[in-house]
Every structure is written in structure tokens, then in C-alpha cells.
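A.B. asks:
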Amino acid sequence: MALALSLGRRGLGRTWPNPAVGAVIVKDGMIVGRGWTQAGGRPHAEVEALRRAGAAAQGATMYVTLEPCSHHGKSPPCADAIIAAGIARVVSPLEDPNPEVAGEGHARLRAAGIAVEIGIGAEQARRDHAGHIRRMRDGRPHVTLKLAVSADGKAAAAGRRPVAVTGEAVRDRVHLLRAHNDAIMIGIGTALADDPSLTCRLPGMAQTSPVRVVLDDALRLPLQSRLVASARETPVWVVAATDAPQPAEAGLRAHGVEVLRSAAAHGRLNLAAALKLLAGRGITRVMVEGGPTLAASLLAADLVDAAVLFHSAKTVGAGGIDALEPDARAALQRQLRHIGSAPVGADRQDCYVRR
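Residues 18 to 372, numbered by this note's numbering, are exactly what the sequence shown covers, in order.
1. Could you check which residue in Leu22, Gly204, Gly170 and Gly273 has the C-alpha nearest to that of Val108?
2. Rounded to whole angstroms, what's the CA-CA distance from Leu316 to Arg127? Just pull it up for me.
3. Using a Cβ-Cβ distance under 7 angstroms, would Leu24 count as near chain B?
4. Can you tell me whether DSSP reads Lys331 as helix, strand or coil?
5. Which of the three DSSP states is assigned to Val118 in this structure?
6. Taking the C-alpha atoms as reference points, what is the distance between Glu63 and Ala248?
7. Measure from the alpha carbon of Gly308 to the alpha carbon of each residue in Leu320, Gln141 and Gly206, then state which is nearest.
8. Using only CA atoms, which one of Gly284, Val133 and Ala96 lies nearest to Arg106?
9. Which one of Ala258, Ala139 and Val166 has the shortest CA to CA distance from Ala312?
10. Does DSSP put Pro36 in a helix, a strand or coil?
11. Among the residues of its own chain, which have a CB less than 6 angstroms from the CB of Gly120, if the five just before and after it don't count?
12. Taking the beta carbon of Met153 as the centre, do at least 16 other beta carbons fall within 10 Å, making it buried, or is it exposed?
13. Comparing C-alpha positions only, which one of Gln366, Arg372, Arg371 and Asn35 sits nearest to Arg188?
14. If we ignore side chains and look at the alpha-carbon of each, how far apart do Ala172 and Lys44 end up?
15. Threshold first: 4 residues or longer. Then list the alpha helix (DSSP H) segments lying entirely within the region 42–112, N to C.
16. With DSSP run on the structure shown, which of helix, strand or coil describes Glu266?
17. For the region 54–70 against the region 251–261, do three or more pairs of beta-carbon atoms, one drawn from each stretch, fall closer than 8 angstroms, so that the two count as touching?
18. Taking Ser87 as the reference, give the member of Gln75, Ile100 and Thr78 with the closest Cα.
19. Helix, strand or coil for Gln241 per DSSP?
20. Following the continuous alpha helix (DSSP H) through Gln141, name the residue where it begins and the one where it ends.
21. Please look up how many angstroms separate the CB atoms of Ala200 and Val228, rounded, as I've assumed it's under 8 angstroms.
22. Determine the DSSP secondary structure at Ala274, reduced to helix, strand or coil.
23. If Gly170 and Asp339 are in contact, beta carbons under 8 angstroms, what's the gap, nearest whole angstrom?
24. Residues in its own chain within less than 6 angstroms of Arg27 by CB, not counting five upstream and five downstream?
25. Just curious, the alpha helix (DSSP H) that Gln352 is in, first and last residue?
26. Quick one: using the 10 Å Cβ neighbour count with 16 as the cut-off for buried, is Thr259 buried or exposed?
27. Please give the ranges of any alpha helix (DSSP H) in the region 182–238, keeping only runs that are unbroken, at least 4 residues long and fully inside the region.
28. Closest to Val182 by C-alpha separation, out of Ala124, Gly362, Val370 and Arg371, would be which residue?
29. Here's the rule: buried if 16 or more other CB atoms are within 10 angstroms of the residue's CB, otherwise exposed. What is Arg151?
What follows is the structure in C-alpha cells.
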């Protein structure tokens, strides 16, 4: 199961709207087939593993990181493929919360005489499938907050000028985190102040860059920005208020940007509504790189499921912008629990998950 989970994680950020599943087929103590959900969500992991196993699947055990699907979507049910291949036993950590499956896959396997065991590796599987689970249960993506924090608690210099708080090793780690998410989200303030690219720039991984999402209620994103300039290579979605100006939308669309309209009040987008909008388009995992303002708003709305804070020994100095205001820091400590620290070059990474 550990191997199946590891294989499944290869697909993180690339399989949405489907979960990133891994599968391993074992017979007579030997691995005869391995598979993981392919880019775009198909073929599914089980089908890939069965294809590699061939005739050796007859009488074998399949370890798969989520309940095999039982419904006809864009491909036939994996449960039927498992039955047809002659698999004798299926081990999976979790039932699929998708209401179209929800135990039916396991039930179909049992009805065909296949032994089914549920629960092995469940804790890790829940972490790996957190985006799929959150989207199925709550109708929104799993939200991970990422912040770089200086030794004096700052995220930017005076006047919100960007400053390199952490080192090169953290930059590489952030690019890897981007690749494991379906979308990166920032607010218009960060877009205007930093003019970021938000792509994955690790060697050979440009194709794993996530959708770039900008929360921009009044459609102020400049047509000259890096995001707009690269929208035809890596998707950019701008979430705007329903009353944002139509000419601005037309300008962005002409450059390949997709504009989505969402509820807003008093000049601020409703974050819960914006996240549900993303989920409706298949997004399961969002990493937020939007800085202190967006971080505070998401924490205030209790919409953060995990956080990765990179702490630096560098200081920014007086006048710098706090990474987390006192209320936001208190909300993080109240809503999330610390699960570990690790060095990243000269800096430190602290990870948190929802309590």
C-alpha cells in the first residue's frame, strides 16, 4: 500500500477533476503490475496496473489507494475491469466520497466473489486525497496557505514592496508544491505589487504548472502583466465580481485569460463562493500565495485546510508588512495543528493541517 500511495502522488496536480490514485498488483509475493492515474484523469490507476499485469492479474491481489469506481463516466467502471481480469482480492484504504461511488465499487467487487479489505493506509490516503474528499464533501477545493516569514515576522517591505525573505532552496520547494496543486491563487494586490509568473520553473517540470487564479473583483489586472502575457501557455483564470466592467473582461479574454464571475459585497469577493466556483470547474487542490491580506481573509472565513510557513533568519525591519496580523495568527493556531518542522536550506518549513 505504501508503494501504491507513492505512485498515486505522482499524479498530484495533473489529474483533476479526478483523484490521483495509485495501484499495485501482487501475485505469489511478486509485483506484476503498477499504475497511477494519468494526466487529465484518465486512464485510471487500476486500468493502468491491469494493463501492465496482463494475464498475471488472474488470482492476484490489487492494492489501490481509493475505492475503485463503479459508475460510467468518460471511461467504464474500474470495478468491472478488476472483475474481468480475475483479481481475487482488493485492498483499499478508503471508500470514495463521490456520491456516484460511495461504497458501490466495493459492493460490486464483493458481489463478484472478490475479497475486499478496507482501512490499510487510511491516514496517508486521506492526506493524499484531501482535495478530492473536500470537493466531494464540501463542494470546494482543499486550500493550502503558503507564506514566507522573516525572523521579525514580516512578509514584505514597507509599502508592500516585495523582498526575498527566504533562500533558493525554499524557492525550489515552493515550485514543487505548485506542481502538486491544481491551481495557485493570489489576490489582485499581490498581482499588482509583485507581477508574478506563478509557474513551476524546476527543470523539466514547466508542463506541470498549475492554473493561475487571480481574485480581482474590479478586473484591474494589467494587460501588460506576466500573467496575462503567458495566459495562452499556462491558463489564467480571473475571478471578478458580477458587476465588474465588461470592456475590461473583453480585453483580458482577447489575451487568452478566462474571466469567471462570482458574488461580491462592498468591493470584496465572497471567498467561499469563489472557491465553490473553482470546484465546479474541477479544481480540487489550491495553494494560496496571495500574501498577508488574502491569508487573513481566508483564515477569518475558516477556509484554510493546511498551511506551509517558511521561516527565515533574515529580518525585514521596521515598516515591513506583517506576514500574519494578530487575529490571523490566532485563527491559524485555533483552526490548524502543527504537524512538523524541517530545514530547507538555511530556512525552516513548518506544516499545519486542519484540526
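Glycine included, C-beta positions come from ideal geometry on N, C-alpha and C. This one's a predicted model, so the numbers in the text were calculated from it and none came from an experiment.
C.D. replies: Looking at the atomic coordinates:
1. Of the candidates Leu22, Gly204, Gly170 and Gly273, Leu22 places its Cα closest to the Cα of Val108.
2. Leu316 and Arg127 have their C-alpha atoms some 43 angstroms from each other.
3. You won't find chain B in this structure, because it holds only one protein chain.
4. Lys331: coil per DSSP, three-state reduction.
5. Coil.
6. Straight-line spacing of the CA atoms in Glu63 and Ala248 works out to 34 angstroms.
7. Ranking Leu320, Gln141 and Gly206 by Cα distance to Gly308 puts Gly206 first.
8. By alpha-carbon distance to Arg106, the top candidate from Gly284, Val133 and Ala96 is Val133.
9. When Ala258, Ala139 and Val166 are compared, the shortest CA-CA separation from Ala312 is found for Val166.
10. In this structure, DSSP gives Pro36 a state outside helix and strand, which the three-state scheme calls coil.
11. Setting aside the 5 residues that flank it on each side, Gly120 is surrounded in the same chain by Glu112, each with a C-beta closer than 6 angstroms to its C-beta; the list follows chain order.
12. Met153 comes out buried.
13. When Gln366, Arg372, Arg371 and Asn35 are compared, the shortest CA-CA separation from Arg188 is found for Gln366.
14. In a straight line, the C-alpha of Ala172 is about 53 angstroms away from that of Lys44.
15. Within the region 42–112, the alpha helix (DSSP H) runs of at least 4 residues that lie entirely inside it are, in chain order, 62–70 and 95–102.
16. The answer is helix: DSSP assigns Glu266 an H, G or I state.
17. The region 54–70 makes no contact with the region 251–261; the number of CB pairs closer than 8 angstroms stays below 3.
18. Of the candidates Gln75, Ile100 and Thr78, Ile100 places its Cα closest to the Cα of Ser87.
19. Coil, per DSSP.
20. Boundaries of the alpha helix (DSSP H) harbouring Gln141: Ala139 to Asp145, taken from the DSSP string.
21. Between Ala200 and Val228 a beta carbon distance of about 4 angstroms is seen, short of the 8 angstroms cut, so the two are scored as contacting.
22. Residue 274 is actually Val in this sequence, not Ala. If DSSP states are grouped into helix, strand and coil, Val274 belongs with coil.
23. At roughly 6 angstroms, the Cβ-Cβ gap stays under 8 angstroms, so Gly170 and Asp339 are in contact.
24. Taken in chain order, the residues that qualify are Trp53.
25. Per DSSP, Gln352 belongs to the alpha helix (DSSP H) from Pro343 to Gln352.
26. Counting every other CB atom within 10 Å of its CB across the protein chains shown gives Thr259 a total below 16, marking it as exposed.
27. Scanning the region 182–238 for uninterrupted alpha helix (DSSP H) segments of 4 residues or longer gives 185–196 and 205–211, listed from N- to C-terminal end.
28. Measuring from the Cα of Val182, the nearest candidate turns out to be Gly362.
29. Result: buried.
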